[in-house]
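Chemist: Just so you know, the sequences run in chain order V and H. Residue numbers for the first sequence follow the working numbering, beginning at 39 and rising by one. Residue numbers for the second sequence follow the working numbering, beginning at 4 and rising by one.
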Amino acid sequence: MKQFLGFIKKEFYHIFRDRRSLFILFGMPIAQILLFGFAITNEINNVDIAVIDLSKDATTKEIIQKIAASKYFTINQFLDRDADIETAFQKGKIKAVLHFEKDFSRKLIKENNANLQIITDATDPNTANTVTNYITSILQNYQQEQNKDVQVSYQIIPQTRMVYNPELKSVYMFVPGVMTIILMLVSAMMTSISITREKELGTMEILLVSPLKPVLVIVGKVVPYIFLSVINAIVIVALSIFIFKMPVQGSLFLLGVESVLFIITSLALGILISTISSTQQTAMMISLIGLMLPTILLSGFIFPITSMPLPLQIISNIIPARWFIVILKGIMLKGVGLSFLWKETVILVVMAIFFLVLSVKKYKIRLA
Amino acid sequence: MLPIIFVLPLLQLIILSNAATYEVQNIKFSYIDNDHSSTSRALIEKFEASAYFDVLEVFPSQKQADAAMLQGEVDVVLEIPNHFERDLQKKKAGNLSVTINAIDGAAAGVENVYINQIVQRFNKDIRTDLVQLTDKQSQLINITTIPSFWYNQTLNYKTFMVPGILVLLVTMITLFLAGMNIVREKEIGTLEQINVTPIKKHQFIIGKLFPFWVIGLSLLTIGLIIAKIIFNVPILGSLGLMYAYTSVYILVILGMGLFISNFTDTQQQAMFIAWFFVVIFILMSGLFTPIESMPQWAQIVTEFNPIKYFVEVMRMVMLKGSTFTDMLPQFSKTLLYAFIMNVLAVWSYKKTNG
């Protein structure tokens with residue numbers, strides 16, 4: 039036992055003496071959370087649009103003003119000809135062009151109908167679609183105002199209640215994701231590299247012939263990273279509570295337990311990677327491409343899983359991060375307890391056991 | 004190692020491009036119908052007909068609906084109140100309450116727009132169905148909006164994401180490999196041996212980095228082929244322009260990798276620092292989230308982000324056929340970046356220890 043403690047102490051020294059890594063280890067979660075909180079949003083606002091107004095009358099001016107007044111759009115320039123649209127799009131700044139047909143106002147009065155074209159740069163389909171929807175609803179409002187005097191018709195008004203995140207803050211969505219990725223990075227990637235490092239440098243041989251049991255060597259390597267991961271998790275939760283006023287509706291204790299569970303799952307993955315790779319570069323590539331990217335893209339962190347093609351929805355089930363994100367959102371935003379999250383928890387437990395058993399089986403006491 | 008460098012990233016390109024979509028589809032929709040009238044049923048039918056909503060089940064009460072929402076079984080609950088039809092006929096107005104799971108704020112906003120569109124259309128329909136048009140009503144003005152989506156009529160998200168993910172892969176692979184490569188020699192101790200040979204500083208650096216430059220360009224080539232064949236992404240602009248830009252861009256990344264390796268002692272450190280910067284660069288690149296939505300200060304910060312320029316150039320040239328003059332700003336900034344980065348890297352590389 040004393041030997042084991044000594045070994046853990048040595049591992050801690052390794053980590054703490056490496057100031058640069060340590061700085062990044064704690065700087066990264068802070069930087070990412072702040073970026074997601076203050077800079078990055080998947081909402082759409084301040085989109086630059088251009089206008090082709092072939093009519094130039096009072097009505098079109100009014101409509102243009104209405105659109106310019108919304109926080110979503112900035113009228114960037116007025117174009118004269120259709121041919122200018124292509125050039126504007128190719129420069130890349132303008133995302134949409136409003137095209138008022140000739141005699142817009144006159145047609146509206148005479149025929150009660152006028153056409154407005156919304157031409158969008160759909161290389162970004164999401165922005166294009168949202169821009170079209172927003173402009174259409176601004177126009178609908180305008181029509182309703184204009185029709186107020188004549189309108190005797192049916193009106194159904196939906197009253198919308200946004201639950202769990204009434205202000206639609208995107209940081210609520212991102213915090214669970216960032217937390218998952220950081221824990222994955224620290225637990226899986228760092229462990230796999232740190233174990234492979236011993237192999238590559240040849241010191242693993244020495245550790246294996248030492249009186250310490252081989253399993254304890256691995257456990258000793260892993261313990262400091264558990265410790266660091268837990269601190270990181272605490273930092274992230276504290277930041278989101280104190281800076282972004284993110285609520286933790288559910289129990290903090292449960293949040294802690296679930297986080298440790300996820301950390302253990304990631305560690306098991308890290309150990310598994312280290313057993314199959316012989317150089318740090320290989321370990322890094324496998325954890326980067328095989329672990330980090332799927333965690334970012336298939337876990338529902340940024341992109342909704344329900345919109346993915348079916349095969350990918352099925353694949354996403356084997357990604358631990360997917361379940362952990364559901365748990366985090368459940369506890370923090372919905373305030374539910376274990377009675378709602380038992381399924382996800384069981385899945386994580388099973389995964390952790392599976393990867394641990396697999397890596398113990400794969401772990402070779404003798405290096406070839 | 005070589006299969007990992009080439010096969011894994013390309014598999015990623017194929018798989019992840021399918022995953023990266025912001026389209027809001029298959030919205031889990033359920034409702035509470037307290038009215039049980041023909042109007043309320045007609046309204047629900049509208050939702051069933053919509054491609055966006057999966058109408059799941061009807062709940063007897065708000066309580067059950069809330070529980071299902073907590074479990075994450077539904078995302079949108081529509082409640083039709085008592086006497087909905089009667090109120091509509093009498094007062095010509097009716098209220099609906101909609102509850103949306105807003106954890107993903109952006110998706111919730113889109114869902115809200117879809118719901119409003121359906122209800123608006125429904126309003127119009129009952130207007131024409133139930134009311135004889137009087138002269139007065141026929142005077143309602145109507146602005147018809149005609150949307151047209153250029154460059155991507157079907158709003159295919161893959162066309163947008165494939166060039167972006169290709170950028171991601173080229174950047175990550177070259178940066179990590181270059182960053183770790185020299186540190187590896189340091190860590191194993193072989194760098195010492197090279198340092199005592201008569202090889203010149205710049206010869207050594209060019210020799211070390213040239214293979215990665217080639218790897219980067221090969222990745223781009225294979226990625227473009229996959230984009231064309233599997234995803235059918237249009238390549239409107241000039242290939243030569245893309246290669247010219249990428250060659251310069253990879254120099255920036257290699258310079259960065261070298262710079263990192265000069266300041267680190269172990270591969271673990273190098274990887275960690277590289278990862279730190281890559282994640283920030285990716286997040287601030289406009290790859291996943293639009294740059295124009297960021298606050299002003301953040302937009303200024305993105306000016307220093309090489310990945311941002313690469314993403315812009317790839318998308319502009321591939322999808323819109325932008326020409327050299329359109330991308331002159333990106334090109335010149337990247338060139339300047341490459342120059343500064345490499346000067347810094349060479350300057351900070353020391354052949355002697357201590």
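Ideal Cβ placement from N, Cα and C applies to all residues, glycine included.
According to DSSP, is residue 352 of chain V helix, strand or coil?
Modeler: As a position in the first sequence, residue 352 of chain V is number 314, starting the count at 1. Helix, per DSSP.
Chemist: Taking the alpha carbon of residue 240 of chain H as the reference point, which residue from H:328, H:109, H:340 and H:63 has its own alpha carbon closest?
Modeler: If you number the second sequence from 1, residue 240 of chain H lands on position 237. Taking only the C-alpha atoms, the option nearest residue 240 of chain H is H:328.
Chemist: Rounded to a whole number of angstroms, what is the C-alpha to C-alpha distance between residue 128 of chain V and residue 319 of chain H?
Modeler: Translated into positions along the first sequence, residue 128 of chain V becomes position 90. Translated into positions along the second sequence, residue 319 of chain H becomes position 316. If you take the alpha carbons of residue 128 of chain V and residue 319 of chain H, they lie about 7 Å apart.
Chemist: Considering just the uninterrupted stretch of the beta strand (DSSP E) at residue 333 of chain H, what are its terminal residues?
Modeler: Numbered from 1 along the second sequence, position 330 holds the residue referred to as residue 333 of chain H. First-last for residue 333 of chain H: 331 to 351, but that is the alpha helix (DSSP H), not the beta strand (DSSP E).
Chemist: Who are the neighbours of residue 65 of chain H on chain V, taking C-beta pairs under 8 Å?
Modeler: Working through the second sequence from its first residue, we reach residue 65 of chain H at position 62. Those within 8 Å of residue 65 of chain H in chain V number zero; the least Cβ separation is about 11 Å.
Chemist: What are the boundary residues of the alpha helix (DSSP H) that residue 137 of chain V is part of?
Modeler: Here residue 137 of chain V refers to the residue found at position 99 of the first sequence. Run containing residue 137 of chain V: none in the alpha helix (DSSP H); it sits in the beta strand (DSSP E), 134 to 138.
Chemist: How many whole angstroms separate the CB atoms of residue 180 of chain V and residue 109 of chain V, which I take to be in contact at a CB cut-off of 8 Å?
Modeler: As a working note, residue 180 of chain V is residue 142 in the first sequence. As a working note, residue 109 of chain V is residue 71 in the first sequence. About 17 Å; that fails the 8 Å criterion.
Chemist: How many Å lie between residue 139 of chain H and residue 97 of chain V at the Cα?
Modeler: As a first step, residue 139 of chain H must be located in the second sequence, where it is residue number 136. As a first step, residue 97 of chain V must be located in the first sequence, where it is residue number 59. Its pLDDT being 48, under 50, residue 139 of chain H is placed unreliably in this model, and the coordinates cannot settle the point.
Chemist: Should residue 196 of chain H be flagged as near chain V, meaning a C-beta pair shorter than 9 Å?
Modeler: On the second sequence, residue 196 of chain H is found 193 positions in, with the first residue counted as 1. With 9 Å as the cut-off, residue 196 of chain H does not count as an interface residue toward chain V.
Chemist: Using only CA atoms, which one of H:22, H:78 and H:74 lies nearest to residue 32 of chain H?
Modeler: For this step, residue 32 of chain H is matched to residue 29 along the second sequence. When each option's Cα is compared against that of residue 32 of chain H, the closest is H:78.
Chemist: 9 Å is my cut-off, CB to CB: does residue 89 of chain H come that close to chain C?
Modeler: Here the protein chains are V and H, and chain C is not one of them.
Chemist: List the residues of chain V that residue 15 of chain H touches, going by C-beta distances under 7 Å, in chain order.
Modeler: Translated into positions along the second sequence, residue 15 of chain H becomes position 12. Ordered by position in chain V, the residues that pass the 7 Å Cβ test against residue 15 of chain H are 327 and 331.
Chemist: Would you mind sorting residue 79 of chain V into buried or exposed? The rule is 16 or more other CB atoms within 10 Å of its CB.
Modeler: The residue you call residue 79 of chain V lines up with position 41 of the first sequence. Label assigned to residue 79 of chain V: buried.
Chemist: Between residue 158 of chain H and chain V, is the shortest Cβ-Cβ distance under 9 Å, so that the two count as touching?
Modeler: Counting from 1 along the second sequence, the entry for residue 158 of chain H is found at position 155. Yes - at least one Cβ of chain V is within 9 Å of the one on residue 158 of chain H.
Chemist: I want to see whether chain H comes within less than 9 Å of residue 258 of chain V, judged by CB atoms only; does it?
Modeler: Translated into the one-based positions of the first sequence, residue 258 of chain V becomes position 220. Taking Cβ atoms only, chain H never reaches closer than 9 Å to residue 258 of chain V, which makes this a no.
Chemist: Report yes or no: do three or more beta-carbon pairs, one from the stretch 202 to 216 of chain V and one from the stretch 321 to 329 of chain V, lie closer than 8 Å?
Modeler: Contact fails: fewer than three Cβ-Cβ distances are below 8 Å.
Chemist: Can a CB atom of chain V be found closer than 9 Å to the CB of residue 357 of chain H?
Modeler: Within the second sequence, residue 357 of chain H is the residue found at index 354, counting from 1. Low confidence applies here, because residue 357 of chain H scores a pLDDT of 47, under 50, leaving its location unreliable; read the following figure in that light. Answer no: the Cβ-Cβ gap between residue 357 of chain H and chain V never drops below 9 Å.
Chemist: Residue 139 of chain H by DSSP, collapsed to three states: which one?
Modeler: Working through the second sequence from its first residue, we reach residue 139 of chain H at position 136. Legend: pLDDT at residue 139 of chain H = 48, less than 50; position of this residue unreliable, value from coordinates given subsequently. In this structure, residue 139 of chain H counts as coil in the three-state DSSP scheme.
Chemist: Nearest CA to the CA of residue 313 of chain H: which residue from H:269, H:285, H:298 and H:261?
Modeler: The count along the second sequence starts at 1 and reaches residue 313 of chain H at position 310. Nearest of H:269, H:285, H:298 and H:261 to residue 313 of chain H, Cα basis: H:285.
Chemist: Starting from residue 158 of chain V, follow the beta strand (DSSP E) in both directions and report where the run begins and ends.
Modeler: Working through the first sequence from its first residue, we reach residue 158 of chain V at position 120. Its beta strand (DSSP E) spans residues 151 to 159.
Chemist: Give the residues of chain H in contact with residue 345 of chain V, contact being defined as C-beta atoms less than 7 Å apart.
Modeler: Indexing the first sequence from 1 puts residue 345 of chain V at position 307. Ordered by position in chain H, the residues that pass the 7 Å Cβ test against residue 345 of chain V are 24, 26, 27, 28 and 29.
Chemist: Is any beta-carbon of chain V found at less than 9 Å from that of residue 247 of chain H?
Modeler: As a position in the second sequence, residue 247 of chain H is number 244, starting the count at 1. Not closer than 9 Å to any Cβ of chain V, the Cβ of residue 247 of chain H fails to qualify, so no.
Chemist: Should residue 83 of chain H go down as buried or exposed, given a rule of 16 or more other Cβ atoms within 10 Å for buried?
Modeler: Stepping through the second sequence from its first residue, residue 83 of chain H is reached at position 80. Burial call: buried.
Chemist: Excluding the five sequence neighbours on either side, which residues of its own chain have a C-beta within less than 7 Å of the C-beta of residue 20 of chain H, listed in chain order?
Modeler: Taking the first residue of the second sequence as 1, we reach residue 20 of chain H at position 17. Once the five neighbours on either side are set aside, the close Cβ partners of residue 20 of chain H are 161, 164, 165, 168 and 234.
Chemist: For chain V, is any of its Cβ atoms less than 9 Å away from the one on residue 123 of chain H?
Modeler: Mapped onto the second sequence, residue 123 of chain H falls at position 120. Chain V, which has a Cβ nearer than 9 Å to the Cβ of residue 123 of chain H, makes this yes.
Chemist: Please list the partners that residue 278 of chain V has in chain H, where partner means a Cβ-to-Cβ separation under 8 Å.
Modeler: For the purposes of this step, residue 278 of chain V is identified with residue 240 of the first sequence, where counting begins at 1. In chain order: nothing, as chain H lies at least about 14 Å away.
Chemist: Assign residue 299 of chain H to one of two classes, buried (16 or more other C-beta atoms within 10 Å of its C-beta) or exposed (fewer than that).
Modeler: Indexing the second sequence from 1 puts residue 299 of chain H at position 296. Label assigned to residue 299 of chain H: exposed.
Chemist: Report yes or no: do three or more beta-carbon pairs, one from the stretch 130 to 144 of chain V and one from the stretch 156 to 174 of chain V, lie closer than 8 Å?
Modeler: Because the criterion of three Cβ pairs below 8 Å is met, the stretch 130 to 144 of chain V and the stretch 156 to 174 of chain V touch.
Chemist: Spell out whether any CB of chain H is found under 9 Å from the CB atom of residue 383 of chain V.
Modeler: Along the first sequence, read from residue 1 onward, the residue named residue 383 of chain V stands at position 345. No, no contact with chain H.
Chemist: List, in chain order, every chain H residue whose beta-carbon is nearer than 9 Å to that of residue 262 of chain V.
Modeler: Mapped onto the first sequence, residue 262 of chain V falls at position 224. Simply none; closest approach about 13 Å.
Chemist: What is the C-beta distance between residue 174 of chain H and residue 8 of chain H, in whole angstroms, given that I count them as a contact (C-beta under 8 Å)?
Modeler: Here residue 174 of chain H refers to the residue found at position 171 of the second sequence. Here residue 8 of chain H refers to the residue found at position 5 of the second sequence. Not confirmed; about 14 Å, so no contact.
Chemist: To which residues of the same chain is residue 254 of chain H closer than 8 Å at the C-beta, ignoring the five residues directly before and after it?
Modeler: As a working mapping, residue 254 of chain H is identified with position 251 in the second sequence. Excluding positions up to five away in sequence, the list reads 216, 341, 344 and 345.
Chemist: Taking only runs of the alpha helix (DSSP H) that begin and end inside the stretch 95 to 122 of chain H, which ones reach a length of at least 4 residues, in chain order?
Modeler: For the stretch 95 to 122 of chain H, not a single whole alpha helix (DSSP H) run of length 4 or above is found.
Chemist: With a threshold of 9 Å between beta-carbons, can residue 243 of chain V be considered close to chain H, or not?
Modeler: Taking the first residue of the first sequence as 1, we reach residue 243 of chain V at position 205. It does not; no Cβ of chain H falls within 9 Å.
Chemist: Residues in its own chain within less than 7 Å of residue 187 of chain H by CB, not counting five upstream and five downstream?
Modeler: Start at 1 with the first residue of the second sequence, and residue 187 of chain H comes out as number 184. Closer than 7 Å at Cβ, skipping near neighbours: 270.
Chemist: Provide the residue span of the alpha helix (DSSP H) that contains residue 280 of chain H, from first to last.
Modeler: Taking the first residue of the second sequence as 1, we reach residue 280 of chain H at position 277. Its alpha helix (DSSP H) spans residues 270 to 286.
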